[in-house]
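Colleague: Numbering (this note's numbering), first residue to last: 1 to 272. Idealized CB from N, CA, C, for every residue including glycine. Take a look at this one; I'll ask things after.
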């Protein structure tokens with residue numbers, strides 16, 4: 001239970017920071033007494049807690065987007081209504097991760113969880129985030145979001161199927177390269193994650209029923225609750241932070257963490 005609570009805390013702490021929560025859970029598992037990977041299912045299920053925090057934090061936005069989308073669908077309001085349009089953009093942006101998640105399901109649960117891959121993704125996408133933050137024009141708001149841009153965000157989000165990329169880091173990097181403001185890119189990234197994370201989480205939850213797992217249902221539920229509480233605080237901090245500061249501290253952290261994992265793997269301290 002203590003291990004599960006620690007992992008839940010780390011999940012909530014890292015899910016919305018551009019440092020990859022799945023990478024941290026994968027790495028942390030090596031240093032817990034059992035020294036084992038918590039598993040893709042545990043990661044996906046605890047993400048239900050962090051994504052519920054997004055729903056709570058952006059509740060008014062979500063209700064407005066959903067209601068306007070349905071009203072526009074049935075002709076009660078103009079189809080070009082900004083909130084109705086955002087609903088379509090979230091749907092379109094969610095398609096890549098659904099398709100790629102199904103196609104590469106086995107690799108996601110096995111090959112992609114190698115710590116060599118995790119460390120590589122931490123460093124590579126840390127550098128990409130730094131370049132995006134440095135080169136991005138940061139003059140576009142979500143009013144400028146188009147279908148092609150939504151698809152680009154969607155493919156960037158899909159890369160987070162590989163631990164170490166970071167769902168928020170990948171999508172925010174794409175947004176920055178496309179010229180969006182930091183806060184706008186992060187807001188769309190958080191909203192875009194809702195269908196994908198809930199879909200993945202409930203799929204893994206149903207799949208895990210009756211199957212052997214590192215942590216039982218009670219431990220997993222406790223970890224998910226802890227992740228939810230911590231994530232609420234992290235979202236509030238992160239949205240306030242990025243409106244005034246760059247992503248440089250996260251870039252440095254990712255490179256240092258990835259380099260440390262490379263060193264530990266090369267010296268045999270941990271196993272890939």
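Using the rule of at least 16 other Cβ atoms within 10 Å of the residue's Cβ for burial, across every protein chain shown, is residue 13 buried or exposed?
Modeller: Buried, since its Cβ has 16 or more Cβ neighbours within 10 Å.
Colleague: Since residue 238 and residue 129 should fall inside the 8 Å C-beta cutoff, what is the C-beta to C-beta distance between them, to a whole number of angstroms?
Modeller: Actually they are not in contact, since the Cβ atoms of residue 238 and residue 129 sit about 14 Å apart, beyond 8 Å.
Colleague: Measure how close the beta-carbons of residue 277 and residue 153 come, nearest whole angstrom, since I'm counting them as under 8 Å.
Modeller: Only positions 1 to 272 of the chain appear in the structure, and residue 277 is not among them; the question remains open.
Colleague: Counting Cβ pairs closer than 8 Å, one from the segment 21 to 29 and one from the segment 106 to 123, do we hit at least three?
Modeller: The segment 21 to 29 is in contact with the segment 106 to 123.
Colleague: Got a sec? Which residues, its chain only, sit under 7 Å from residue 94 by beta carbon, not counting five neighbours each side?
Modeller: Excluding sequence neighbours, residue 94 sits near 154, 192, 195, 196.
Colleague: Using a Cβ-Cβ cut-off of 6 Å (strictly less than) and excluding sequence neighbours within five positions of residue 69, which residues of its own chain qualify?
Modeller: Excluding residues within five positions, the ones whose Cβ falls inside 6 Å are 84, 87.
Colleague: Please specify which runs of the alpha helix (DSSP H), each continuous and at least 4 residues long, are wholly inside the segment 35 to 71, giving them in chain order.
Modeller: Runs found: 40 to 57.
Colleague: Hey, out of 46, 90, 37, whose CA is closest to residue 66's CA?
Modeller: For the residues 46, 90, 37, the minimum Cα distance to residue 66 belongs to 90.
Colleague: For residue 160 versus residue 4, is the C-beta spacing smaller than 8 Å?
Modeller: Result no, Cβ atoms of residue 160 and residue 4 do not sit closer than 8 Å.
Colleague: Taking the alpha carbon of residue 231 as the point to measure from, which residue in 37, 38, 46 has its own alpha carbon closest?
Modeller: The residue with the shortest Cα to Cα distance from residue 231 is 46.
Colleague: What did DSSP end up calling residue 182 once you bin it into helix, strand or coil?
Modeller: Looking at residue 182 - three-state DSSP - the assignment turns out to be helix.
Colleague: Give the straight-line distance between the Cα atoms of residue 98 and residue 157, rounded to the nearest whole angstrom.
Modeller: Looking at the two C-alpha atoms, the distance is approximately 10 Å.
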